[in-house]
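Enquirer:
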Amino acid sequence: SLKHGEVTVRAPSQIPKLAALEHILSINQFRVSLATTCTGTPSLEMLEWRTSNEAKFRVSTRKVTLIPDAGFTLKASSLKLFYFLEVDLGSEPSRIITEKCRSYYAFWQSGEFAQKNFCAPNVGFRVLFVAPTEKRAATILKSIQKLDAGQSLFWVTEQEEITPKRILEPIWRNAKQENQTANLTGS
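FYI, in the numbering used here the residues of the sequence shown are -14 to 172.
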């Protein structure tokens, strides 16, 4: 911990690059928006927030490890809702997004998610993609549409929508119902 007057100097190689800073800021904007909204919404509580390191998991059926940008759990009325966050800066090719989604679906389908989170096997989760632009959001939705199953697990919105006033509004789209929007809790 720093005391008044102390300064930490880092080598240039340890200073985050602009894209990494943008990514970190976007994740934190999401977290602050959600936390602010939960504080002002009596029927909604954030039970847990996991950093990328805490949220990572192995999908044994696909022999891959997924590292979401974050994981969090909400309590909406009496329901416990599980989410993974993927903040997209437009740098990953569509095929990588599709493969990542296949791995998320395999994680749910195998029962590993339920086992890891001590919940019933039919309890699912949502993967929230936050895209930098509407065009990129459309690209992500098209990548998700390539899945054979599980498309409804994946929800997409644009970064500009992530504010305390908007985060709970119907700003989320999924590939199955691309022309419809839903709010974060699905109600």
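C-beta: ideal position from N, C-alpha, C; glycine also.
What you are looking at is a predicted structure, and each value in this text was computed from that prediction instead of being measured.
1) Can you tell me the Cα-Cα spacing of A116 and K127, whole angstroms?
2) Less than 8 Å separating the beta-carbons of L70 and F139?
3) Closest to C23 by C-alpha separation, out of R35, S79, S62, would be which residue?
4) Could you tell me which uninterrupted beta strand (DSSP E) segments, each at least 3 residues in length, are contained entirely in the stretch 82 to 151, listed from first to last along the chain?
5) How would you label D54, buried or exposed, when you count the other beta carbons within 10 angstroms and need 16 or more for buried?
6) In its own chain, which residues sit with a C-beta less than 6 Å from the C-beta of P149, not counting the 5 before and 5 after it?
7) In terms of DSSP beta bridges, what is N159 paired with?
8) I need the boundaries of the beta strand (DSSP E) containing E7, first residue and last residue.
9) State the DSSP-derived secondary structure class of R47, mapped to helix, strand or coil.
10) Terminal residues of the continuous alpha helix (DSSP H) containing A40?
11) Considering only residues of the same chain and omitting the five flanking positions on each side of I52, which have a CB-CB separation below 7 Å?
12) Please report the distance separating the alpha-carbon of A99 from that of V72.
13) Note down, in chain order, each residue of its chain lying with its Cβ closer than 7 Å to the Cβ of P155, except the 5 sequence neighbours on either side.
14) Mind reading off the beta-carbon distance from Y68 to R111? Whole number of angstroms is fine, and I expect it under 8 Å.
15) Could you give the distance in angstroms between the alpha-carbon of T197 and the alpha-carbon of L32?
16) Looking at the secondary structure, which residues open and close the beta strand (DSSP E) in which L74 lies?
17) Which one of S137, G109, K101 has the shortest CA to CA distance from S175?
18) Look at the alpha carbon of T83 and the alpha carbon of E30, and state the distance between them as a whole number of angstroms.
19) What residues match up with E33 in a beta bridge as DSSP calls it?
Expert: The relevant details are as follows:
1) Taking C-alpha positions only, A116 is separated from K127 by approximately 13 Å.
2) Going by C-beta atoms, L70 is not nearer than 8 Å to F139.
3) For C23, the closest of R35, S79, S62 by C-alpha to C-alpha distance is S62.
4) Runs of the beta strand (DSSP E) lying entirely within the stretch 82 to 151 and spanning at least 3 residues, in chain order: 110 to 116, 139 to 143.
5) Buried is the call here.
6) Cβ within range, chain order: S18, T21, T22.
7) DSSP, once it has assigned bridges, lists W140 as partnering N159.
8) Not the beta strand (DSSP E): E7 falls in the alpha helix (DSSP H), residues 3 to 24.
9) R47 falls in the coil class under three-state DSSP.
10) It spans 37 to 40 - the alpha helix (DSSP H) in which A40 sits, taken as one unbroken run.
11) Counting only Cβ-Cβ distances below 7 Å, and skipping sequence neighbours, we find S37, K41.
12) Cα to Cα, the separation comes out at about 24 Å.
13) If the five residues before and after P155 are omitted, its C-beta is found closer than 7 Å to the C-beta atoms of T166, A167, N168, all from its own chain and listed in chain order.
14) About 5 Å separates the two Cβ atoms, so the contact holds.
15) The structure shown does not extend to residue 197, since the chain is modelled only from -14 through 172, so no value can be given for it.
16) In the DSSP assignment, L74 falls outside any beta strand (DSSP E) and carries neither an H nor an E.
17) Any answer about residue 175 is impossible in this case: the structure gives the chain only from -14 up to 172.
18) About 31 Å.
19) Bridge partners of E33: T58.
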